[in-house]
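Right, one structure below, let's go through it.
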Amino acid sequence: MEREGYVTDRAVATAVHLSMTLGKPLLVEGHPGVGKTEIAKVLATVQQGDLIRLQCYEGLDATTALYEWNYPKQLLHIRLQQDGSQSVAAQEADIFSERFLLKRPLLAAITHQGRPPVLLIDEVDRADEEFEAFLLEVLSDFQVTIPEVGTVRAAARPSVVLTSNRARDLSDALRRRCLYLWIDYPSLEKELRIVRTRIPGIDERLAREVTAFIHSLRRLKLAKVPGVAESLDWAQALVALHATHLDEELVRETLGCFLKDEEDLRTVSARLDAGELAALSSPVA
Amino acid sequence: MSAVSADLVEHTARFCRRLRAEGLPLGPGDTLDATRALGSVELLDREDVRLALRTALVKRVEDTPVFDALFESFWGGSAPVSRNPPVVPPDAEEKESEGRSAPPRRRSVQTWQEVEDLAVPAPSSREALGRQDFSTFRDDELRAVTALARRIARRLSARPGRRWKLSRRGDHISLRRSLREALKTGGELSTLTYRRRKLRRTRLVVLADVSGSMDLYARLLLQFLYALQNAFSRVETFVFATRLSRVTDELRAPGYRDALGNLSQRVQDWSGGTRIGESLAAFVSGWPRLVDRRTVVVVLSDGWETGDPAVLDAALALLHRRAGRLVWLNPLLGSPGYEPLTRGMQAALPHLDVFAPANDLQSLEQLARHLSL
């Protein structure tokens, strides 16, 4: 995984390894911005399979997650066949065949040809509970019954990664089907490696200062705690500004890169005024 | 890959049993997974073993500390000490202690003097009165309660859900069906078929405390239970003091007087002491299929627990996880100056979605808001 630019630790590596060898879905939980989604992307690269992503949201239903008929195409087809040479039954069988099926992520993953793909079900906690129950059905045997076509079974079981931000508690039934991984904010050292790997051109001193600063921020009580994604964004921005080290003014100008809440901005500015954070951002030996 | 010896399988199974005893929700399938997981890591490396077992057996981050502690004691030995500190989010430990530990740190009201200071009805210290006579009621009271129950029932019934069904009219066109129909007319969409949301069916489970300390409110409470049971079909009613009794069928009677007659025959421990925890635990284990995500569970009690608050804590935690919503109605909450300091209430509070008063009709009126999912 390291080769693909994903700095990992043993817990993550073990979980991914087991999910592949045991063929069970992996449920990844953690704070926003710690790289949950990234796991699926790297897994796809490692397995050289396609990544199929289902982004969950409230109100997501089967027609967006599983399949839908391609109505305009069906309508056109009927018009073209209007000479009456075909019986109604034959026509019906025709337009409700696989050619007229729009495959949404779940069906796409099941019918995928070639190397088994990686199915990423992102932010499953955002979909409602009924959808979760429906998802369980699909994940347990990777087959789907479409009334007009019949039962579609997966040729090769896709690897499945589910992520959750814990917006609500997932059901025990879903948890039982999955292997589980909790990703915490990385250690200072690990985050530094992440910054260095993802932003190759970064000045060594700057990288240290940025990660140290973000780490000290995580100890404050903020509404939106900056994740690794924010560290990377900020470091990227600083590199673009040709900075080689942090100073108070630079921090003030770029606060918006890693603080996404007005209240937080005020808290941190106050700390800066008091000169508290400046000391914290000094390079770590 | 290394083969897993029979000894190790046995040992793993024992480990899973111990975790289960600690409250982790594990089934036989998980034991199997754990064994398979061990088969695919380096067994000589203790950290590998720990991570493999943790990935397979811990299903939520709150359970990590329990797992780590048990792993240390169970697979202990001179093997290398774990290098990574256990991954615990900052708030997990708090939840942990709330959820499981014994409750000595909770403030509680225990002496009778304190009870009197609170100026609220005390839990029954007198003998249980046995069968009680609830037959004194005024017709207009009953009518008001019935009207309220109907309003609540209306709110509970008509809510569109997620699934669709076909219908002749509606605001969404079902293209799938309409196109099928259009085949008959050569692709001309002459009749449209619609679809609409299936109605979401909320179920209600009411668990009412009828112990001595609730006597003051018993009249209102029983009328309410009766009215609700007869206004709404998907409601299950239970009453408890020291034991739990299902009274759904007893309450379904043509008249209030009949229902009361049925009740007094069925329920033996009116006005006795209170064992809320044990009663709720009996509900959880006795009627596990009754509660799902579409169920609102309402507990009607003053929280005067004479049993072990840890039992109450565990039962409520489970209910909270299974139910769509967990509501606790406390008649005392309506009295000025009351604070939920009883041991029972203290154990219950962390698990509740709604904690509201229920001392008179007005407060029950408010209840309707909390009941639709």
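Sequence lines, in order, name chains G and F. Heads up, the first sequence is in our numbering, so the first residue is 353 and it goes up one at a time. Heads up, the second sequence is in our numbering, so the first residue is 525 and it goes up one at a time. Backbone N, C-alpha and C fix where the C-beta goes; we use that ideal spot for every residue, glycine too.
Would you mind sorting F:S757 into buried or exposed? The rule is 16 or more other CB atoms within 10 Å of its CB. It counts as exposed.
What whole-angstrom Cβ distance do F:P860 and F:P881 have, given they're in contact under 8 Å? With a Cβ gap of about 11 Å, F:P860 and F:P881 do not count as contacting.
Kindly list, in the order they appear in chain C, the residues whose Cβ is closer than 8 Å to that of G:W586. Checking the listed chains, one finds no chain C in this structure; the protein chains it contains are G and F.
Extent of the continuous alpha helix (DSSP H) run through G:K388: Looking at the DSSP string, the run of the alpha helix (DSSP H) that includes G:K388 is 388-399.
Can you pull the chain F neighbours of G:A367, defined as C-beta to C-beta under 8 Å? Near G:A367 (Cβ distances below 8 Å), the residues of chain F are L575, T579.
Can the beta-carbon of F:G711 be found less than 7 Å from the beta-carbon of G:I391? F:G711 is not a Cβ neighbour of G:I391, given a cutoff of 7 Å.
Figure out for me which residue from G:T360, G:L624, G:F448 has the closest Cα to the Cα of G:D599. Selected option, being the one with the closest Cα: G:L624.
Quick one: is G:L374 near chain F, going by C-beta distance under 7 Å? With 7 Å as the cut-off, G:L374 counts as an interface residue toward chain F.
DSSP state of F:R813, grouped into three classes? In the three-state scheme derived from DSSP, where H, G and I count as helix and E and B as strand, F:R813 is classed as helix.
What would DSSP say about F:Y862, mapped onto helix, strand or coil? Shown here, F:Y862 sits in coil according to DSSP, grouped into three states, outside any helix or strand.
Distance, Cα to Cα, F:V533 vs F:V878? Their backbone Cα atoms lie some 45 Å apart in a straight line.
Using CA coordinates, which residue listed in G:E561, G:R550, G:Q465 is at the minimum distance from G:V359? The closest CA to that of G:V359, considering only G:E561, G:R550, G:Q465, is found on G:R550.
Which residues share a DSSP beta bridge with F:A880? F:A880 pairs with F:L853.
Quick one: is G:A337 buried, meaning 16 or more other Cβ sit within 10 Å of its Cβ, or exposed? No answer is possible for residue 337 of chain G: it lies beyond the span of chain G, which begins at 353 and ends at 637.
Verify the CB distance criterion: does F:G710 have a CB-CB separation below 7 Å to chain G? Yes, F:G710 counts as interfacial toward chain G.
Would you grab the beta carbon distance between G:Y409 and G:R478 for me? Rounded to a whole angstrom, and I think it's under 8 Å. In this structure, G:Y409 and G:R478 form a Cβ contact; the two beta carbons are roughly 5 Å apart against a cut-off of 8 Å.
CA nearest to the CA of G:V476, picked from G:F486, G:P469, G:R467: In terms of Cα proximity to G:V476, the closest of G:F486, G:P469, G:R467 is G:F486.
Between the segment 526-539 of chain G and the segment 369-381 of chain G, are three or more C-beta pairs nearer than 8 Å? Here the segment 526-539 of chain G lies against the segment 369-381 of chain G, with 3 or more beta-carbon pairs under 8 Å apart.
How far does the alpha helix (DSSP H) with F:G785 in it extend, from its first residue to its last? Membership of F:G785 in the alpha helix (DSSP H) is indicated by the continuous run 780-790.
Would you grab the beta carbon distance between F:S795 and F:D739 for me? Rounded to a whole angstrom, and I think it's under 8 Å. Contact annotation, F:S795 with F:D739: C-beta distance approximately 6 Å; criterion of less than 8 Å satisfied.
Quick check on this structure: which residue in F:A783, F:T717, F:L568 has the alpha carbon closest to the alpha carbon of F:T772? It is F:A783.
Grab me the residues of G:V580's own chain with a C-beta within less than 8 Å of its C-beta, minus the 5 sequence neighbours each way, in chain order. These residues qualify, in order along the chain: G385, V386, G387, Y537, P538, E543, I546.
Which residue from G:K573, G:V603, G:S511, G:C609 puts its Cα closest to that of G:Q400? Considering only G:K573, G:V603, G:S511, G:C609, the residue with the shortest C-alpha distance to G:Q400 is G:S511.
How is the alpha helix (DSSP H) around F:R704 delimited, first residue to last? Where F:R704 is concerned, the enclosing alpha helix (DSSP H) stretches over 699-706.
What are the start and end residues of the beta strand (DSSP E) that includes F:V500? The question about residue 500 of chain F has no answer, for chain F in this structure spans 525 to 897.
Counting pairs of beta carbons, one from the segment 414-428 of chain G and one from the segment 688-705 of chain F, are three or more of them closer than 8 Å? Output reads yes: the segment 688-705 of chain F touches the segment 414-428 of chain G.
Output the boundary residues of the beta strand (DSSP E) element that contains G:Q407. Where G:Q407 is concerned, the enclosing beta strand (DSSP E) stretches over 403-407.
Is F:P855 close to the ligand SAH? I mean its beta-carbon at under 6 Å from any heavy atom of the ligand. Summarising the ligand content, the structure contains no ligands, and the ligand SAH is consequently not present.
Min CB distance G:V440 to chain F below 7 Å: So, interface residue.
Report all residues from its chain with a CB closer than 7 Å to the CB of F:R538; omit the five preceding and five following residues, and keep chain order. The answer is none, since no qualifying residue turns up.
Cα-Cα separation between F:A742 and F:V763, rounded to whole angstroms: Those two C-alpha atoms are separated by around 11 Å.
Rounded separation between F:V611 and F:L575 - CA only: Low confidence applies here, because F:V611 scores a pLDDT of 40, under 50, leaving its location unreliable and the question unanswered by this model.
Using only the alpha-carbon positions, how far apart do F:R846 and G:E605 sit? In a straight line, the C-alpha of F:R846 is about 48 Å away from that of G:E605.
Inter-residue Cα distance where the pair is G:S523 and G:T596: The C-alpha of G:S523 lies about 48 Å from the C-alpha of G:T596.
For a test of the three-state rule: what should DSSP assign to G:A626, helix, strand or coil? The three-state secondary structure of G:A626, taken from DSSP, is coil.
So G:L381 contacts chain F; which residues on that side make the cut at Cβ distance below 7 Å? A small fix is needed here, since residue 381 of chain G is Glu in this sequence, not Leu. Result: V585.
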